[in-house]
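Asker: The structure's right below; bear with me while I get my questions together.
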Amino acid sequence: MTDIQKKTEIETVLKSVDDPELPGVSVVDLGMVHGVDTDNQKVFISMIPTFAGCPALDIIEKNVREAVETVEWVEHCDVSFSFRQKWSTEAITEEGKKQLKKHGIAPPPKNYKPGEEWSVNCPYCDSPYTSMDNVFGPTACRSILYCRSCKNPFEAMKPVINYEKGVVQ
Amino acid sequence: MTVIKTADEAKQDRAYLQSLTELLYQLADDDFIISFRGSEWLGLAPHIEEDVSFSSITQNTMGHAVLYYQLLEELGEGEADILAHDRSSEKRRNAVYLEKKNGEGDYIEEPYYDWALTVIRQYLYETFKKVKLEALLQSSYVPLADTAQKVLMEQTYHLAHWKTWVRQLQDSTDEAKSRLQFRIEEAWDEFLDVLELGPEAKEMEKHQLIVSEEELQQQWLADVKDTLTYIPDKPLQKTNGSGRNGEHTEDLTQALNTLNEVYEMDKNAVW
């Protein structure tokens with residue numbers, strides 16, 4: 001098996017590892033996987049943490065390691081988080097956005113600038129007639145909103161993108 | 170500017186390492202203690218939405234403290250968990266104003282906490298945190314500049330939250346205004362060590378870890394004047410001493426004792 005084949009196999013496995021709170025939304029689709037390297041029977045996965053202090057990170061690390069170590073030729077898998085790469089909500093894939101909606105979570109708004117107002121459509125009925133109940137939600141990465149059209153409460157991924165100095169807030 | 174990319178490189182220069190660790194302890198301990206005071210509002214905040222918001226901010230801010238403790242761990246200062254839990258108060262570098270109790274009483278029994286103190290403290294602190302982090306984006310220590318970028322992406326929401334509270338309350342009833350004014354007056358007497366970088370300030374600037382205290386303070390004051398409608402007509406002071414020199418009050422001892430209660434029962438417990 002070539003290195004490229006090995007990497008492809010591992011990448012496929014990673015697509016089956018979901019966020020512990022969001023079954024069906026993989027860590028790949030959330031944009032958390034930065035790189036996969038192999039060295040004979042060893043695999044090295046570098047991951048991008050979402051919010052600092054997110055208690056799910058330890059669980060994700062364990063789930064990734066265990067999933068990769070089920071692959072027959074893998075003897076050892078090392079998972080590391082690096083803050084050199086910044087996670088932003090722009091890293092969420094189209095598939096990820098689709099899966100998030102199934103959980104009643106609106107994907108983050110596009111072209112967001114830090115400090116600016118933002119709005120998202122309802123994940124159930126796609127209406128733009130929504131209001132923000134609380135920018136802070138049940139986890140650091142989510143906000144709580146309400147759809148005035150279909151009268152459903154829902155959540156949205158809070159937009160976070162690279163910070164540029166001097167942006168008015 | 171000499172750019173230092175790794176912990177190993179930083180360890181080559183003793184003077185640089187000393188300034189860097191001092192700065193990191195200040196950043197870590199400030200976020201750590203203000204998170205603790207924030208956590209003491211759990212279940213007590215003025216309304217349910219605020220309880221959700223404040224606890225989210227607090228958890229996130231504690232996460233920021235962890236990032237700095239991890240940078241210290243990489244520099245050979247010891248394990249992050251031990252740096253957070255097992256350092257006596259004289260080794261702590263957080264500013265004294267941040268350790269101040271939330272009000273009268275205590276969390277378990279009759280917590281007569283003061284929301285005006287919390288709103289003013291959080292607002293003044295988050296405003297300064299942003300100024301400091303923006304300066305750190307240019308830090309000669311690359312892992313710190315990277316961390317600052319990460320924290321800024323999240324902290325924007327915290328500052329916006331406290332700014333909203335300040336704006337609404339100072340535009341509200343006479344009681345709200347006078348309660349805020351009382352806490353602003355108090356902050357002017359006690360806030361100065363938050364704005365300071367301690368005995369290594371000049372060295373930190375020389376090593377281009379961060380800009381000068383004067384520059385940070387000017388920017389902070391300009392930002393605060395943009396939002397607060399009441400600014401005391403007196404110089405800023407640090408009447409309870411300087412936490413940057415390891416001077417602290419009984420309030421920090423109380424905080425650490427509460428925080429460490431479980432840890433002290435069995436230091437070797439594995440979680």
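Listed in order, the protein sequences are those of chains A and B. Per the working numbering, the first sequence runs over residues 1 to 169. Per the working numbering, the second sequence runs over residues 170 to 440. C-beta: ideal position from N, C-alpha, C; glycine also. Being a predicted model, the structure only gives us computed values, none of them experimental.
(1) Is there at least one Cβ from chain A nearer than 9 Å to His233/B's Cβ?
(2) So is Gly247/B buried or exposed if we call it buried at 16+ other beta carbons inside 10 Å?
(3) Give me, in chain order, the residues of the same chain whose beta-carbon lies closer than 7 Å to that of Trp331/B; leave out the 5 immediate sequence neighbours on both sides.
(4) I'd like the list of long-range same chain contacts for Gln350/B, defined as Cβ closer than 6 Å, with 5 residues on each side in sequence excluded.
(5) Helix, strand or coil for Ser188/B, going by three-state DSSP, please let me know.
(6) How is the beta strand (DSSP E) around Ser143/A delimited, first residue to last?
(7) By the 8 Å beta-carbon criterion, what residues does the region 147 to 161 of chain A contribute toward chain B?
(8) Which chain B residues sit within Cβ distance under 8 Å of Gly53/A?
(9) Residues of chain B with CB closer than 8 Å to the CB of Asp133/A, please, in chain order.
(10) Check for me: the beta strand (DSSP E) holding Asp133/A runs from which residue to which?
(11) Looking at the secondary structure, which residues open and close the beta strand (DSSP E) in which Ile45/A lies?
(12) Is any non-hydrogen atom of the ligand FMN found closer than 8 Å to the C-beta of Lys407/B, if you look at the structure I gave you?
(13) Using beta carbons (cut-off 9 Å, strictly below), is Glu323/B in contact with chain A?
(14) Looking at the secondary structure, which residues open and close the alpha helix (DSSP H) in which His233/B lies?
(15) By the three-class DSSP mapping on this structure, what secondary structure does Gln169/A have?
(16) Apart from the five residues on each side of it in sequence, which residues of its chain come closer than 6 Å, Cβ to Cβ, to Gln406/B?
(17) Of the residues Lys298/B, Thr175/B and Trp389/B, which one's Cα is nearest the Cα of Gln324/B?
(18) Would you verify that the beta carbon of Thr130/A is, or is not, closer than 9 Å to some beta carbon of chain B?
(19) Which bits of chain B does Lys86/A rub up against, with CB to CB less than 7 Å?
Answerer: Well, looking at it:
(1) Position 64 of the second sequence, counted from the first residue, corresponds to residue 233/B. Closer than 9 Å to some Cβ of chain A, the Cβ of His233/B qualifies, so yes.
(2) Your numbering for residue 247/B matches position 78 in the second sequence. Gly247/B comes out exposed.
(3) Taking the second sequence and counting its residues from 1, one reaches residue 331/B at position 162. Excluding residues within five positions, the ones whose Cβ falls inside 7 Å are Val288, Gln291, Tyr292 and Glu295.
(4) Position 181 of the second sequence holds residue 350/B. Here the set comprises Tyr399.
(5) Within the second sequence, numbered from 1, the residue matching residue 188/B stands at position 19. Reduced to three states, the DSSP call for Ser188/B is helix.
(6) Counting from 1 along the first sequence, the entry for residue 143/A is found at position 143. From DSSP, the beta strand (DSSP E) with Ser143/A extends over Arg142 to Cys147.
(7) Lys158, Val160 and Ile161
(8) Here residue 53/A refers to the residue found at position 53 of the first sequence. Per Cβ cutoff of 8 Å: Gln228, Asn229, Thr230, Met231, Gly232, His233 and Val235.
(9) Position 133 of the first sequence, counted from the first residue, corresponds to residue 133/A. Those are Glu218, listed as they occur along chain B.
(10) By one-based count along the first sequence, residue 133/A stands at place 133. First-last of the beta strand (DSSP E) with Asp133/A: Thr130 to Asn134.
(11) For this step, residue 45/A is matched to residue 45 along the first sequence. Lys42 to Met47 is the extent of the beta strand (DSSP E) around Ile45/A.
(12) This structure simply doesn't include the ligand FMN, nor any ligand for that matter.
(13) In the second sequence, residue 323/B corresponds to position 154, counting from 1. At least one chain A Cβ lies under 9 Å of Glu323/B.
(14) As a working note, residue 233/B is residue 64 in the second sequence. Looking at the DSSP string, the run of the alpha helix (DSSP H) that includes His233/B is Ile217 to Glu243.
(15) Translated into positions along the first sequence, residue 169/A becomes position 169. Low local confidence applies: a pLDDT of 42 at Gln169/A is under 50, so the model's placement there is unreliable, with the coordinate-based value given in what follows. Reduced to three states, the DSSP call for Gln169/A is coil.
(16) Numbered from its first residue, the second sequence carries residue 406/B at position 237. Correct list, in chain order: Asp358 and Leu361.
(17) If you number the second sequence from 1, residue 324/B lands on position 155. Among Lys298/B, Thr175/B and Trp389/B, the Cα nearest to that of Gln324/B belongs to Lys298/B.
(18) Stepping through the first sequence from its first residue, residue 130/A is reached at position 130. Thr130/A does not count as touching chain B.
(19) The count along the first sequence starts at 1 and reaches residue 86/A at position 86. Within chain B, the residues near Lys86/A are Gln318, Lys319 and Met322.
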